[in-house]
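Chemist: One structure follows; several queries about it will come next.
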Amino acid sequence: MRKKNSSRPLGRPKSKSSDTPRNELILKTAAQLFIENGFQKVSIDDVAKNADVTKATVYYYFESKAELYKESIISLMNRIKVIIDHFMSLKKPLYDRFFDVTIAHLQATASLDLESIMREMKTELSRDQIQEMKMAEEDMYKSIEQALLEAIDTKEIPTINVKFATHSYLALIKVGNYRQLDGTSLFNSIQESAESTLNVFWKGFFGA
Numbered sequence: 000m001r002k003k004n005s006s007r008p009l010g011r012p013k014s015k016s017s018d019t020p021r022n023e024l025i026l027k028t029a030a031q032l033f034i035e036n037g038f039q040k041v042s043i044d045d046v047a048k049n050a051d052v053t054k055a056t057v058y059y060y061f062e063s064k065a066e067l068y069k070e071s072i073i074s075l076m077n078r079i080k081v082i083i084d085h086f087m088s089l090k091k092p093l094y095d096r097f098f099d100v101t102i103a104h105l106q107a108t109a110s111l112d113l114e115s116i117m118r119e120m121k122t123e124l125s126r127d128q129i130q131e132m133k134m135a136e137e138d139m140y141k142s143i144e145q146a147l148l149e150a151i152d153t154k155e156i157p158t159i160n161v162k163f164a165t166h167s168y169l170a171l172i173k174v175g176n177y178r179q180l181d182g183t184s185l186f187n188s189i190q191e192s193a194e195s196t197l198n199v200f201w202k203g204f205f206g207a
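Under numbering that gives the first Met the number 0, read the sequence shown as residues 0 to 207, first letter to last.
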């Protein structure tokens, strides 16, 4: 994302203090369009039109479509991270915190296929851009690893490979959001999906 000076240079889009900052609006709009349609089918014109800004405004903040894509997906990951961090910080038993995170994660990623996104970007983004996205994805789940480590220290759970457990848990969540060929979910509700997902994870690692 481009750095901007505190004074407004010629061509910089005006913004009202009561409005969502235009760069944030563009990021949210772009993320939704890219997730729904894929990188190739979304143009800068599409983003500008749906964000109700000019094409020049989009380019003011983001120098290319690839940069906009990277920043919009990272911004989405950061929003998911805030949710996960919140639930993992609550003073609850670890199982209850995992259940809250599972529900929230299933809701937030119901239409988000991170693996497909990363595969698509291998041909569209630079190596540095891809690395930034991978780091943001990894950063989303640090509070889960930390919560597991703390639970091991307090003997709430037995000693496990925390990194392996975290990625296994995330893989199960992806299955929880799996859509069959007819577009239907494997489960009747997010609640049922969360219960099934966490049951497999918890019994698999802790035997409880």
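Don't be surprised by glycine CBs; every beta carbon is placed ideally from N, CA and C. Being a predicted model, the structure only gives us computed values, none of them experimental.
1) Is the beta carbon of Leu45 less than 8 Å from the beta carbon of Leu32?
2) Could you compute how far the alpha carbon of Leu180 sits from the alpha carbon of Ser192?
3) Taking just the CA atoms, how far does Gln106 sit from Glu119?
4) Tell me, please, whether the stretch 85-97 touches the stretch 49-66 by the rule of three or more beta-carbon pairs shorter than 8 Å.
5) In the DSSP output, what is His184 paired with across the bridge?
6) How would you write the range of the alpha helix (DSSP H) that Gly215 sits in, first residue to last?
7) Our contact map puts Glu70 next to Leu124 with C-beta atoms below 8 Å; I'd like the distance itself, whole angstroms only.
8) What did DSSP end up calling Gln39 once you bin it into helix, strand or coil?
9) Judging by CA-CA distance, which residue of Leu75, Gln39, Gln190 is the nearest neighbour of Thr122?
10) In angstroms, rounded to a whole number, what distance separates the CA positions of Ser42 and Lys48?
11) Tyr59 to Glu131, Cα distance in whole Å?
12) Where does Ser142 fall in DSSP's three states?
13) Determine the DSSP secondary structure at Val52, reduced to helix, strand or coil.
14) Below 7 Å CB to CB, which residues in the same chain sit around Ala164 once its five sequence neighbours on both sides are set aside?
15) Round the Cβ separation of Tyr177 and Leu185 to the nearest angstrom and send it over; I've been treating them as touching at under 8 Å.
16) Got a sec, what are the start and stop residues for the alpha helix (DSSP H) Leu67 sits in?
17) So what does DSSP say about Ser167, is it helix, strand or coil?
18) For Pro157, which residues from the same chain have a beta carbon less than 7 Å from its beta carbon, with the 5 sequence-adjacent residues on both sides left out?
19) Check the C-beta distance from Met87 over to Ile143 and give it rounded, since I have them as a contact under 8 Å.
Modeler: Reading it off the structure:
1) As a working mapping, residue 45 is identified with position 46 in the sequence shown. As a working mapping, residue 32 is identified with position 33 in the sequence shown. With the sequence shown as reference, residue 45 is identified as Asp, and Leu is not the correct amino acid for it. In contact: Asp45 and Leu32 (Cβ atoms closer than 8 Å).
2) One-based indexing of the sequence shown puts residue 180 at position 181. One-based indexing of the sequence shown puts residue 192 at position 193. A direct Cα-to-Cα measurement between Leu180 and Ser192 gives close to 18 Å.
3) In the sequence shown, the residue the question calls residue 119 occupies position 120. In the sequence shown, the residue the question calls residue 106 occupies position 107. It is roughly 23 Å from the alpha-carbon of Glu119 to the alpha-carbon of Gln106.
4) Segment contact: the stretch 85-97 against the stretch 49-66, fewer than three CB-CB distances shorter than 8 Å; contact not assigned.
5) For the purposes of this step, residue 184 is taken as the residue at position 185 of the sequence shown. The question names His, but residue 184 in the sequence shown is Ser. Under DSSP, the beta-bridge partners assigned to Ser184 are Arg178.
6) No information on residue 215 is available, as it lies outside the stretch 0 to 207 that the chain covers here.
7) As a working note, residue 70 is residue 71 in the sequence shown. As a working note, residue 124 is residue 125 in the sequence shown. A Cβ-Cβ separation of about 11 Å leaves Glu70 out of contact with Leu124 under the 8 Å criterion.
8) Here the question's residue 39 lines up with position 40 in the sequence shown. If DSSP states are grouped into helix, strand and coil, Gln39 belongs with coil.
9) Indexing the sequence shown from 1 puts residue 122 at position 123. The shortest Cα separation from Thr122 among Leu75, Gln39, Gln190 belongs to Gln39.
10) For the purposes of this step, residue 42 is taken as the residue at position 43 of the sequence shown. For the purposes of this step, residue 48 is taken as the residue at position 49 of the sequence shown. Those two C-alpha atoms are separated by around 10 Å.
11) Here residue 59 refers to the residue found at position 60 when the sequence shown is read from its first residue. Here residue 131 refers to the residue found at position 132 when the sequence shown is read from its first residue. CA-CA distance, Tyr59 to Glu131, rounds to 21 Å.
12) Taking the sequence shown and counting its residues from 1, the one referred to as residue 142 is at position 143. Of the three classes helix, strand and coil, the one that applies to Ser142 here is helix, per DSSP.
13) Along the sequence shown, read from residue 1 onward, the residue named residue 52 stands at position 53. When secondary structure is reduced to three states using DSSP, Val52 falls in the coil class, being assigned neither helix nor strand.
14) Position 165 of the sequence shown holds residue 164. The residues Leu147, Phe204, in chain order, have a CB closer than 7 Å to that of Ala164 in the same chain once the five nearest residues on each side in sequence are set aside.
15) Working through the sequence shown from its first residue, we reach residue 177 at position 178. Working through the sequence shown from its first residue, we reach residue 185 at position 186. For Tyr177 against Leu185, the beta-carbon gap comes to about 6 Å, under 8 Å, which counts as contact.
16) Counted from its first residue, the sequence shown places residue 67 at position 68. Judged by DSSP secondary structure, Leu67 falls within the alpha helix (DSSP H) whose first and last residues are 64-87.
17) The residue given as residue 167 occupies position 168 in the sequence shown. Helix, per DSSP.
18) The sequence position of residue 157 within the sequence shown is 158, counting from 1. Shown here for Pro157: same chain residues with a beta carbon closer than 7 Å to its own, the five before and five after excluded, namely Phe205 in chain order.
19) To locate residue 87, count along the sequence shown from 1; it is residue 88. To locate residue 143, count along the sequence shown from 1; it is residue 144. Contact flag correct, Cβ pair sits at about 6 Å.
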